[in-house]
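Enquirer:
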Amino acid sequence: MLSIINLTSKTIREVNKGVDLVIGFFDGIHKGHAKLFKQSDRFNLLTFDHIPKKQRLLYPKVDEIEQLSALSGLEQLLVYDLLNNNLSAQEFIDNYIKLIQPKRIIVGSDFKFGSDQVDYSLFTKNGYEVVVVKKDHCSTSEIKKLIINCDLDQANKLLVAPFYLKGTVIKNAQRGRTIGFATANIILDNQLIELTEGSYVCKVIVDNKTYQGICFIGKPKTFDEKQRQCEAHIFDFDQDIYGKKIKVELYQFIRPTVKFNSINELKEAIENDKKAALSFFHKQEKPKVVVALSGGVDSAVCAYLLQQQGYDVVTAFMQNWDKDLNFELLSDHSDDQIQGCDAKQDYEDAQKLCEQLKIKLYHFNFVEQYWNDVFLKVLEDYKKGLTPNPDVLCNQFGKFGWFINALRKQFGDDIKIAFGHYAKLITKDDELFLVHTKDHNKDQTYFLTMLKKEQLKNIIFPLSELDKPTVREIAKQANLYVANKKDSTGICFIGERNFKEFLSNYLAIKKGPIILIDENKKIGEHDGLYFYTIGQSRRLHVGGTKEKIFVCDKDYNNNTLYVCYESSKDQYLSSVSCELENFNWLIDTKDQLISKKLWIRFRHRQKLQECKIVSYNGDKVIVKYTKQIGVTPGQYGVIYDQNLWVVGGGKITKIIK
Numbered sequence: 001m002l003s004i005i006n007l008t009s010k011t012i013r014e015v016n017k018g019v020d021l022v023i024g025f026f027d028g029i030h031k032g033h034a035k036l037f038k039q040s041d042r043f044n045l046l047t048f049d050h051i052p053k054k055q056r057l058l059y060p061k062v063d064e065i066e067q068l069s070a071l072s073g074l075e076q077l078l079v080y081d082l083l084n085n086n087l088s089a090q091e092f093i094d095n096y097i098k099l100i101q102p103k104r105i106i107v108g109s110d111f112k113f114g115s116d117q118v119d120y121s122l123f124t125k126n127g128y129e130v131v132v133v134k135k136d137h138c139s140t141s142e143i144k145k146l147i148i149n150c151d152l153d154q155a156n157k158l159l160v161a162p163f164y165l166k167g168t169v170i171k172n173a174q175r176g177r178t179i180g181f182a183t184a185n186i187i188l189d190n191q192l193i194e195l196t197e198g199s200y201v202c203k204v205i206v207d208n209k210t211y212q213g214i215c216f217i218g219k220p221k222t223f224d225e226k227q228r229q230c231e232a233h234i235f236d237f238d239q240d241i242y243g244k245k246i247k248v249e250l251y252q253f254i255r256p257t258v259k260f261n262s263i264n265e266l267k268e269a270i271e272n273d274k275k276a277a278l279s280f281f282h283k284q285e286k287p288k289v290v291v292a293l294s295g296g297v298d299s300a301v302c303a304y305l306l307q308q309q310g311y312d313v314v315t316a317f318m319q320n321w322d323k324d325l326n327f328e329l330l331s332d333h334s335d336d337q338i339q340g341c342d343a344k345q346d347y348e349d350a351q352k353l354c355e356q357l358k359i360k361l362y363h364f365n366f367v368e369q370y371w372n373d374v375f376l377k378v379l380e381d382y383k384k385g386l387t388p389n390p391d392v393l394c395n396q397f398g399k400f401g402w403f404i405n406a407l408r409k410q411f412g413d414d415i416k417i418a419f420g421h422y423a424k425l426i427t428k429d430d431e432l433f434l435v436h437t438k439d440h441n442k443d444q445t446y447f448l449t450m451l452k453k454e455q456l457k458n459i460i461f462p463l464s465e466l467d468k469p470t471v472r473e474i475a476k477q478a479n480l481y482v483a484n485k486k487d488s489t490g491i492c493f494i495g496e497r498n499f500k501e502f503l504s505n506y507l508a509i510k511k512g513p514i515i516l517i518d519e520n521k522k523i524g525e526h527d528g529l530y531f532y533t534i535g536q537s538r539r540l541h542v543g544g545t546k547e548k549i550f551v552c553d554k555d556y557n558n559n560t561l562y563v564c565y566e567s568s569k570d571q572y573l574s575s576v577s578c579e580l581e582n583f584n585w586l587i588d589t590k591d592q593l594i595s596k597k598l599w600i601r602f603r604h605r606q607k608l609q610e611c612k613i614v615s616y617n618g619d620k621v622i623v624k625y626t627k628q629i630g631v632t633p634g635q636y637g638v639i640y641d642q643n644l645w646v647v648g649g650g651k652i653t654k655i656i657k
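Per UniProt numbering, the sequence shown starts with residue 1, numbered consecutively.
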């Protein structure tokens, strides 16, 4: 059973020694506090009463103690009264901390204590091991501002439980009952923060049961009341609860207080308040999600599954390519030859699916952004002699860039957005982590490695626990319009084209010699260096060699393609280390990962290979791995930890033999 000790020079002997000590001011437990408590599975907690600062509180001290008492791992709750006992920081250490003898001291990064307001470094100077937890701008003062400014949605997201008022129901003039809106009234504590007067959406807890309702906070102007109260009208409730304690949770501000000219005006306003509250609760019960709809099977199944789970689903289609605007003149792009990814056809398929599911479809045009942020970068890499990966760029700048920004602008920053990627997100200690999925063949975390954590906020991957055959089967069982549609192939959002003809629209193509490096002789002519990838063995159109040949190098200065025999692949194509540039860390514990056993892949669907991070400098990472064939500059190396959480990834810029 939890022991609560009012800490004095006499009671200090009752404190358990040798356990972790969490110290802080806990006026309303928020997610920053929660991080502190997660640092230990066995701890005492020290909080303070009668804080000298002349500021109103979120909750009375008794409520704070009640909230803290529910913490897992908490052995003793120590309450130190600062009234007439406000020692300097060093005096407090000498008189109390030294006698408590904590194993470790755990504090937030903004913690200061003592009459002289010294930070936590003084504990370190006194020889204590200190764990400092960064609260990420989550503070009680910030939460108070949000509540006072009526931003209850954001405040409740920072708190571990919705903000509430508490009190005993009093007997008033019972005017509410006479106008058809009975209310449960509680007097507001003048020591607590002063809320904006007006109507709020609320939930009322009576005898451990929760009811929806609306409440008015303030001094009713229509009846010239002088005392601040909370008047809660509980929906579908008709019980006598005078003298009972109730809790009123606040969720949304509806309107400011108004002095009405008549009772009828007041009744009409209350009816409107009730409608607003019911609308709020309806939306809460059925949260909205935007599904990024491509016109393919995966995103269609996402929309279907989320709809089945009770979400209010809307969809959004993004067009990134226009064959006319983007000067696609030479490529054979007749409708009967484009396979799997044509914007017009995909949009029509998306429309028909939405008609089938009876959900709304929004259309977004990002042709210009795709050209500037993705396609020009792809062309630039080709010109540098690299083999680019458009899908990585498309996710980084497109789907999780301009697209989600546009969706958040239209639907709000907190809107949930679902994608049909085979990827998984895990939240641990309020941090997001990208994780490999169960379908090793289809897993797409490789393409998401350059995303920042902010881009993954409020993202949903409904297919994270499914494999492709299961997704296909769901589509067929649900008779979805696109159930039998082939998977998209080719360049992201452009589709499958005659690659040589397509690139010829944008790059100066020049034929040149193919040199067999083993014999240092010309064995044919290439169609343009851009069309070849290191390690490529098919479609070289060279015959008469004694064994299979592979592309092993491209000399852009002399426009020469070098190939080697299969028997000499190890000599010309193997590597044991490479440099990854613009490395995007998705796990922050960099130093702990150096020389640890990790996993890497250099291509989508490649089997994971054992590796170690040798060093990092800024955004450059040197990684060593088991011998690999055909590691290609311009592609990406993606590193995973032992649990297959994505450590991060970067572009391959240098191969070390």
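Positions of the beta carbon are idealized from the N, C-alpha and C atoms, including for glycine.
Which residues mark the beginning and the end of the beta strand (DSSP E) in which serine 575 is found?
Expert: Stepping through the sequence shown from its first residue, residue 575 is reached at position 575. Segment 574-585, the beta strand (DSSP E) holding serine 575.
Enquirer: Kindly indicate the opening and closing residues of the beta strand (DSSP E) around lysine 620.
Expert: Here residue 620 refers to the residue found at position 620 of the sequence shown. 620-629 is the extent of the beta strand (DSSP E) around lysine 620.
Enquirer: Report the partner residues of alanine 232 according to the DSSP bridge assignment.
Expert: Counted from its first residue, the sequence shown places residue 232 at position 232. Answer by DSSP bridge pairing, in chain order: Ala184 and Cys215.
Enquirer: Could you tell me the alpha carbon to alpha carbon distance between threonine 437 and tyrosine 200, rounded to whole angstroms?
Expert: Position 437 of the sequence shown holds residue 437. Position 200 of the sequence shown holds residue 200. So the alpha carbons of these two residues sit roughly 43 Å apart.
Enquirer: Taking DSSP's pairing of strands, which residues face histidine 30 in a bridge?
Expert: On the sequence shown, residue 30 is found 30 positions in, with the first residue counted as 1. Leu159, per the DSSP bridge assignment.
Enquirer: Kindly give me the distance between the Cβ atoms of valine 314 and isoleucine 359, rounded to whole angstroms, as I take these residues to be in contact under 8 Å.
Expert: Working through the sequence shown from its first residue, we reach residue 314 at position 314. Working through the sequence shown from its first residue, we reach residue 359 at position 359. 6 Å between Cβ atoms; contact.
Enquirer: Can you tell which of Phe375, Ile241 and Ala316 has the C-alpha that lies nearest to the C-alpha of alanine 350?
Expert: Looking up residue 350 in the sequence shown gives position 350. If we check each option's Cα against that of alanine 350, Ala316 comes out closest.
Enquirer: For phenylalanine 411, tell me which candidate among Asp430, Asn395, Val290 and Ile460 has the shortest Cα-Cα distance.
Expert: For the purposes of this step, residue 411 is taken as residue 411 along the sequence shown, with counting starting at 1. Phenylalanine 411 has its Cα closest to that of Val290, out of Asp430, Asn395, Val290 and Ile460.
Enquirer: Quick check: the region 432-450 against the region 394-407, are there 3 or more CB pairs under 8 Å?
Expert: Judged by Cβ distances under 8 Å, the region 432-450 makes contact with the region 394-407, as three or more pairs qualify.
Enquirer: Counting only the same chain and skipping the five closest in sequence on each side, list residues whose C-beta sits under 7 Å from that of cysteine 492.
Expert: Within the sequence shown, residue 492 is the residue found at index 492, counting from 1. Reliability of the predicted coordinates at cysteine 492 is poor, the pLDDT of 49 falling under 50, and no value is obtained from them.
Enquirer: Please give me, in chain order, every unbroken run of the alpha helix (DSSP H) with length at least 4 that falls completely inside the region 40-120.
Expert: Runs found: 61-69 and 89-92.
Enquirer: Whole alpha helix (DSSP H) runs in the region 487-556 with 4 or more residues, listed along the chain?
Expert: Qualifying alpha helix (DSSP H) stretches, in chain order: 499-503.
Enquirer: In terms of residues, what are the limits of the beta strand (DSSP E) holding arginine 601?
Expert: Along the sequence shown, one-based indexing puts residue 601 at 601. Its beta strand (DSSP E) spans residues 598-601.
Enquirer: Is the beta carbon of glycine 634 sitting closer than 8 Å to the one on leucine 379?
Expert: Position 634 of the sequence shown, counted from the start, is the residue given in the question as residue 634. Position 379 of the sequence shown, counted from the start, is the residue given in the question as residue 379. Not a contact, by the Cβ cut-off of 8 Å.
Enquirer: Can you find the residues in the same chain that come closer than 7 Å, C-beta to C-beta, to isoleucine 51, ignoring five residues on each side of it along the sequence?
Expert: Indexing the sequence shown from 1 puts residue 51 at position 51. Result list for isoleucine 51: Phe25 and Leu82, in chain order.
Enquirer: Helix, strand or coil for lysine 17, going by three-state DSSP, please let me know.
Expert: The residue given as residue 17 occupies position 17 in the sequence shown. Coil, per DSSP.
Enquirer: Around the C-beta of proline 469, are 16 or more other C-beta atoms found within 10 angstroms, so that it is buried, or is it exposed?
Expert: Residue numbering aside, residue 469 sits at position 469 when the sequence shown is read from its first letter. Result: exposed.
Enquirer: Below 7 Å CB to CB, which residues in the same chain sit around residue 669 once its five sequence neighbours on both sides are set aside?
Expert: In this structure the chain extends from 1 to 657, so residue 669 is not present and cannot be described.
Enquirer: Pick out whichever of Cys302, Leu293, Lys590 and Asn156 has its Cα sitting closest to the Cα of glutamine 319.
Expert: Your numbering for residue 319 matches position 319 in the sequence shown. Nearest option by C-alpha distance: Leu293.
Enquirer: On the criterion of 16 or more Cβ atoms from any shown chain inside 10 Å, does tyrosine 556 qualify as buried, or is it exposed?
Expert: Here residue 556 corresponds to residue number 556 of the sequence shown, with the count starting at 1. Exposed is the call here.
Enquirer: Between the beta-carbon of isoleucine 404 and the beta-carbon of glutamine 369, is there less than 8 Å?
Expert: Along the sequence shown, one-based indexing puts residue 404 at 404. Along the sequence shown, one-based indexing puts residue 369 at 369. Cβ distance not < 8 Å, so isoleucine 404 and glutamine 369 don't count as in contact.
Enquirer: Do isoleucine 217 and leucine 195 come within 8 Å of each other at the CB atom, strictly closer than that value?
Expert: Position 195 of the sequence shown, counting from 1, holds the residue named residue 195. Position 217 of the sequence shown, counting from 1, holds the residue named residue 217. Their beta carbons are under 8 Å apart, which means leucine 195 touches isoleucine 217 by this criterion.
Enquirer: With burial defined as no fewer than 16 other Cβ atoms inside 10 Å of the residue's Cβ, what is the status of proline 256: buried or exposed?
Expert: Looking up residue 256 in the sequence shown gives position 256. Per the 10 Å Cβ criterion, exposed.
Enquirer: Given serine 334, which residues of its chain have a CB within under 8 Å of its CB, disregarding the five upstream and five downstream residues?
Expert: Here residue 334 refers to the residue found at position 334 when the sequence shown is read from its first residue. Confidence at serine 334 is low in this model, with a pLDDT of 43, below 50, so the placement of that residue should be treated as unreliable; the coordinate-derived value is given next. Nothing meets the Cβ criterion.
Enquirer: Work out the CA separation of leucine 152 and asparagine 261 for me, nearest whole Å.
Expert: If you number the sequence shown from 1, residue 261 lands on position 261. If you number the sequence shown from 1, residue 152 lands on position 152. So the two alpha carbons sit approximately 30 Å from each other.
Enquirer: If you compare alpha carbons, which of Phe113, Leu45 and Phe253 is closest to glutamate 91?
Expert: One-based indexing of the sequence shown puts residue 91 at position 91. Here the closest residue by C-alpha is Phe113.
Enquirer: Within 10 Å of its beta-carbon, does leucine 159 have 16 or more other beta-carbons around it, so buried, or fewer, so exposed?
Expert: For the purposes of this step, residue 159 is taken as the residue at position 159 of the sequence shown. Label assigned to leucine 159: buried.
Enquirer: Going along the chain, which residues of its own chain have a beta-carbon closer than 6 Å to the beta-carbon of isoleucine 460, five neighbours each way excluded?
Expert: Position 460 of the sequence shown holds residue 460. Cβ within range, chain order: Lys416 and Ala418.
Enquirer: Kindly list the residues whose CB is nearer than 8 Å to the CB of leucine 593, restricted to its own chain and excluding five residues on each side of it in sequence; keep chain order.
Expert: Residue 593 sits at position 593 when you count from the first residue of the sequence shown. The residues are Ile587, Ile613, Asp641 and Val647.
Enquirer: Work out the CA separation of valine 132 and phenylalanine 123 for me, nearest whole Å.
Expert: By one-based count along the sequence shown, residue 123 stands at place 123. By one-based count along the sequence shown, residue 132 stands at place 132. Distance between the alpha carbons of phenylalanine 123 and valine 132 is about 11 Å.
Enquirer: Assign asparagine 6 to one of two classes, buried (16 or more other C-beta atoms within 10 Å of its C-beta) or exposed (fewer than that).
Expert: Looking up residue 6 in the sequence shown gives position 6. Exposed, since its Cβ has fewer than 16 Cβ neighbours within 10 Å.
Enquirer: If I measure Cβ to Cβ from serine 568 and keep anything under 6 Å in the same chain, skipping five residues before and after, which residues do I get?
Expert: Along the sequence shown, read from residue 1 onward, the residue named residue 568 stands at position 568. Asp518.
Enquirer: Tyrosine 481 and glutamine 628 - do their beta-carbons sit closer together than 8 Å?
Expert: Walking along the sequence shown from the start, residue 628 turns up at place 628. Walking along the sequence shown from the start, residue 481 turns up at place 481. Not a contact, by the Cβ cut-off of 8 Å.
Enquirer: What residue from Gly420, Ser574 and Lys125 has the CA that sits closest to lysine 657's CA?
Expert: Along the sequence shown, one-based indexing puts residue 657 at 657. Per the Cα distances, Ser574.
Enquirer: Pop quiz: leucine 77 and leucine 99 are said to be a contact at Cβ under 8 Å. What is the actual Cβ separation, rounded to whole angstroms?
Expert: Reading the sequence shown from its first residue, position 77 is the one you call residue 77. Reading the sequence shown from its first residue, position 99 is the one you call residue 99. Contact flag wrong, Cβ pair sits at about 17 Å.
Enquirer: Cβ atoms of alanine 343 and tryptophan 321: under 8 Å apart, would you say?
Expert: On the sequence shown, residue 321 is found 321 positions in, with the first residue counted as 1. On the sequence shown, residue 343 is found 343 positions in, with the first residue counted as 1. Taking 8 Å as the Cβ cut-off, tryptophan 321 and alanine 343 qualify as a contacting pair.
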